[in-house]
Amino acid sequence: MPSGISLHIGLNAVDPKQYSGWSGELSGCEFDAKDMRAIAKRHGFATTLRMTKSATRNKILGDLKRAAKKLRRNDILFLTYSGHGGQVPNTGNDFEPDGFDETWCLYDGELIDDELYSALGSFAAGVRIFVLSDSCHSGTVLREARFAALGVTPARPRMMPRDIDLRELNPNFGGSRAVREKFMGRNGSTKKLGAAMSLREHRTENEYDKAPSGRPGPYMPVVMTAC
Numbered sequence: 025m026p027s028g029i030s031l032h033i034g035l036n037a038v039d040p041k042q043y044s045g046w047s048g049e050l051s052g053c054e055f056d057a058k059d060m061r062a063i064a065k066r067h068g069f070a071t072t073l074r075m076t077k078s079a080t081r082n083k084i085l086g087d088l089k090r091a092a093k094k095l096r097r098n099d100i101l102f103l104t105y106s107g108h109g110g111q112v113p114n115t116g117n118d119f120e121p122d123g124f125d126e127t128w129c130l131y132d133g134e135l136i137d138d139e140l141y142s143a144l145g146s147f148a149a150g151v152r153i154f155v156l157s158d159s160c161h162s163g164t165v166l167r168e169a170r171f172a173a174l175g176v177t178p179a180r181p182r183m184m185p186r187d188i189d190l191r192e193l194n195p196n197f198g199g200s201r202a203v204r205e206k207f208m209g210r211n212g213s214t215k216k217l218g219a220a221m222s223l224r225e226h227r228t229e230n231e232y233d234k235a236p237s238g239r240p241g242p243y244m245p246v247v248m249t250a251c
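Letter by letter, the sequence shown follows residues 25 to 251 in my numbering.
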């Protein structure tokens, strides 16, 4: 019988020391992670929860590495993320239409998409992987301009400010050359995913924060209802 491992990440803030003074406070991402873990537990997954200060780069990559050693063909990895998303300039050989790599803003630094796919590529052939990411960065300026014109206070975006986002040379950021060389090789080329690995990714375009009460935002309840 197939087995399942799940990892649920939720960050209500990041370490300002690693993000040039920016703390990226949000109000409901930890609730998202707990809710997703509850769903996974209900379906028999062995779960790991990483919230805010425990959601560091090394811990997340370590969790994925350990899961890769345990799961075999037809097993399932369920990976969820709720928090800020960012972008750093793409310096690798992989093609990015906009010239940027997307990132998850973990507590002590950004995790770039190349690193995530490299980690997922270490899973055995035939492992089924479902990634649910509630973070985004597109369209914020236009939406906020529309809110301003209507005299409405915009919700807090789940997006790292661009002036912070572009400081890629900080060694704690996923965009640094040292990190790229460690995970993708000297030229920054992305490792190929494991043969026959099934990757399913669903990414929301809703980049706004939860209600002040800390209840889940408009996206996660849809998932919880479906499950």
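The C-beta atom is built at its ideal place from N, Cα and C for all residues, glycine as well.
Quick one: what does DSSP say residue i is sitting in, helix, strand or coil?
| i | result |
| --- | --- |
| M75 | strand |
| G86 | helix |
| F55 | helix |
| R97 | coil |
| L8 | Residue 8 lies beyond the range of the chain shown here (25 to 251); nothing can be said about it. |
| A64 | helix |
| A92 | helix |
Since residue i contacts residue j with CB under 8 Å, what's their CB separation in whole angstroms?
| i | j | result |
| --- | --- | --- |
| A148 | R96 | 6 Å |
| L88 | V151 | So it is not a contact: roughly 12 Å between Cβ atoms. |
| L85 | I153 | About 15 Å; that fails the 8 Å criterion. |
| A92 | S157 | That pair is no contact at about 19 Å. |
Could you check where the beta strand (DSSP E) with residue i kicks off and where it finishes?
| i | result |
| --- | --- |
| D125 | F124 to L130 |
| S30 | G28 to G34 |
| D69 | The sequence shown places Phe at residue 69, not Asp. From DSSP, F69 is part of no beta strand (DSSP E); its letter is neither H nor E. |
| D158 | R152 to D158 |
| G110 | G109 to P113 |
Around the Cβ of residue i, are there at least 16 other Cβ atoms within 10 angstroms (buried) or fewer (exposed)?
| i | result |
| --- | --- |
| E54 | buried |
| G52 | buried |
| A143 | buried |
| R81 | buried |
| S27 | exposed |
| A57 | buried |
| F171 | Its pLDDT being 44, under 50, F171 is placed unreliably in this model, and the coordinates cannot settle the point. |
| G107 | buried |
| M25 | exposed |
| R90 | exposed |
At which residues does the alpha helix (DSSP H) containing residue i begin and terminate?
| i | result |
| --- | --- |
| S142 | D137 to L144 |
So, do the region 56-65 and the region 122-134 have three or more beta carbon pairs nearer to each other than 8 Å? no
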